[in-house]
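I have placed the structure first, in the form of structure tokens, so that the comments after it can refer back to it.
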Amino acid sequence: MRLGLAGFGRHPWASVERTRRFYERAFEGWELELIGDAPEAWFARGPDAILSFSGSRIWRRTPHPDCPLVFALHGGAVVDYEPLGHLLGALETTDVLIANCTADLAIMDGMFGARRPRLCLLPLPVDGTLFEPLDRASCRAQLPLAPADLYLGFVARLLPQKNLHTFLHLLAELRARLAPRTLGAIVVGGFAGDYPVLDYVTGDYPARIAALIEALGLRDAVNYFEHGISDDELAVCYGAMDVLVHPTQSLDENFGYVPVEAMACATPVLGAAYGGLRDTVIDGETGILMPTWMSRTGIRMDLIGGADACEALLRDDARRERMGDAAAARAHASYNDAVCGQILREAVEQAVEQASAARRAGTRARVEVVPQPPPRPPSGWLPVIAKPWER
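Numbering (this note's numbering), first residue to last: 154 to 544.
As structure tokens, then:
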């Protein structure tokens, strides 16, 4: 298999770079060639398929080459919804759109009529040799933790849309409910001045979090580990947690490595029922999903119900252990290189077979893109920015 790769250089975002390295492993043994800024000569050599991992150059390539195009959407089904609508019409029915959750796949499915591209649901793997069940007491002994009976965990980029502020309110509420048992927190992540996909104007977020910790009386409860710790250290952090909390409000939460890594370490997850979490976390079995919905001002979830469910789980050691065991079994069975790599390779191979058949039969065809409703006017409740948050 000869595969051209576009936008496949090292990526600055850790999660996307982790995905890129998985693609490299999945395509091991194939003939791979990076497409540079002037790919005309390479196209003429006749690749079997071309993968666009990131960027828009292949989307805008005309005419369509004589091979299928494969596009990794990442979170683009949501954040690039409008520009995608102008690009999809150039696709052929043998091209492939890869999404990492069923919600994104449903969005893309709704954009086409009878003639549609191939749609691939691709889960992503975690390293099961690294993220695995560990002895909780041993993990806690390895970390400089303030003493507590139980620990909630939070792992993310520390941005408003990852909802650390809500996690802190949840922590304070559960500490009051569980007393005299003590509840601490393990927070892993780094503050970023901005998020280039959706600008939340985050410059003062660290100061707001510091003030909130003081206001809620959590100074001695929060154990903070900066982003940049090794994966081995991260696995120990997951192993020390009783429950990982993932109350994401990030619109582009298309898969979510963190919940699956925690599950692989036998740590149950309390999360928003949004994006990839709806696929990875089985409610009541490997974790708890809070009912989640979209409002004019962003993603909202049932935090009161989430607090009740988390309290019950923290009080029930046996149920928490059963849930952790089920989480680990699911993560290791469904989110590994073998399973995910086979899905990715088959998506490309089947597209190549279908495209070859269409060329022989003279049945190559453009997709049919259906008109989308116009975006609603801004509500006025949110700041005006270049790329609006509201749809």
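The C-beta atom is built at its ideal place from N, Cα and C for all residues, glycine as well. None of the values given here were measured: they were computed from a predicted structure.
Its chain contains Ala-202, Thr-247, Asp-248, Val-249, Ala-504, Val-505, Ala-508 as the residues whose beta carbon lies nearer than 7 Å to that of Pro-221, once the 5 sequence neighbours on both sides are disregarded; these appear in chain order. In the DSSP assignment, Tyr-304 falls within the unbroken beta strand (DSSP E) covering 303-308. Taking C-beta separations shorter than 8 Å and ignoring five residues to either side along the sequence, the partners of His-227 in its chain run Val-169, Thr-172, Ser-207, Asn-253, Asp-405, Asn-407, following chain order.
Counting every other CB atom within 10 Å of its CB across the protein chains shown gives Tyr-176 a total of 16 or more, marking it as buried.
DSSP, reduced to helix, strand and coil, places Arg-210 outside both helices and strands of the structure shown, so it counts as coil.
About 5 Å separates the Cβ atoms of Arg-334 and Asp-302, confirming a contact at the 8 Å cut-off.
Distance from the Cα of Val-398 is smallest, within the candidate group Ile-382, Met-447, Gly-381, Leu-321, for Leu-321. Between the alpha carbons of Thr-445 and Asp-262 lies a gap of roughly 22 Å. Put simply, the backbone Cα of Asn-489 is about 11 Å away from that of Glu-414. Contact annotation: the region 291-298 does not touch the region 267-283, with fewer than three C-beta pairs closer than 8 Å. Counting only the Cα atoms, Gly-343 lies some 54 Å from Ala-514. Under the DSSP assignment, Ile-260 falls in the alpha helix (DSSP H) whose first and last residues are 255-262. Val-501 and Ala-225 have their C-alpha atoms some 12 Å from each other.
Gln-525 places its beta carbon 7 Å or farther from that of Gly-229. Here Trp-212 has Leu-240 as same chain residues with Cβ atoms under 6 Å from its own Cβ, once five neighbours each way along the sequence are excluded.
For a cut-off of 8 Å, the C-beta gap from Leu-456 to Leu-323 is around 7 Å, short enough to register as a contact.
Contact check for Ala-256 against Gly-428 passes: the beta carbons are separated by less than 7 Å. When Val-411, Gly-199, Asp-373, Leu-467 are compared, the shortest CA-CA separation from Asp-395 is found for Leu-467. Following the DSSP letters along the chain, one finds Tyr-176 inside the alpha helix (DSSP H) bounded by residues 167-179. Under the DSSP definition of a beta bridge, Glu-245 partners with Arg-519.
Here the alpha carbon of Ala-338 sits roughly 11 Å from the alpha carbon of Tyr-391. Separation of Ala-491 and Leu-336 (C-alpha to C-alpha, rounded to the nearest whole angstrom) is 38 Å. According to DSSP, residue pairing for Thr-445 in a beta bridge involves Met-454. Straight-line measurement puts the Cα of Asp-432 at about 25 Å from the Cα of Glu-235. Exposed is the label assigned to Arg-517, since fewer than 16 other Cβ atoms lie within 10 Å of its Cβ. In the three-state DSSP reduction, Leu-331 falls in the helix class (H, G or I). Restricting attention to Phe-307, Leu-244, Val-520, the CA atom closest to the CA of Asn-376 is found in Phe-307. According to DSSP, residue pairing for Asn-376 in a beta bridge involves Ile-339. Only exposed fits Gly-199, as fewer than 16 other CB atoms lie within 10 angstroms of its CB.
Exposure of Gln-495 is indicated by the presence of fewer than 16 other C-beta atoms within 10 angstroms of its C-beta. The residues Pro-421, in chain order, have a CB closer than 6 Å to that of Met-476 in the same chain once the five nearest residues on each side in sequence are set aside. Around the beta carbon of Pro-216, fewer than 16 other beta carbons sit within 10 angstroms, so the residue counts as exposed. For a cut-off of 8 Å, the C-beta gap from Val-340 to Ile-382 is around 12 Å, too long to register as a contact. Linking Gly-424 to Gly-440 through their CA atoms gives a straight-line distance of about 8 Å. Contact check for Ala-345 and Leu-312: beta-carbon distance about 6 Å, within the 8 Å limit, so the pair qualifies. Within its own chain, the residues whose Cβ lies closer than 8 Å to the Cβ of Glu-464, once the five positions on either side in sequence are excluded, are Leu-327, Arg-330, Leu-331, listed in chain order.
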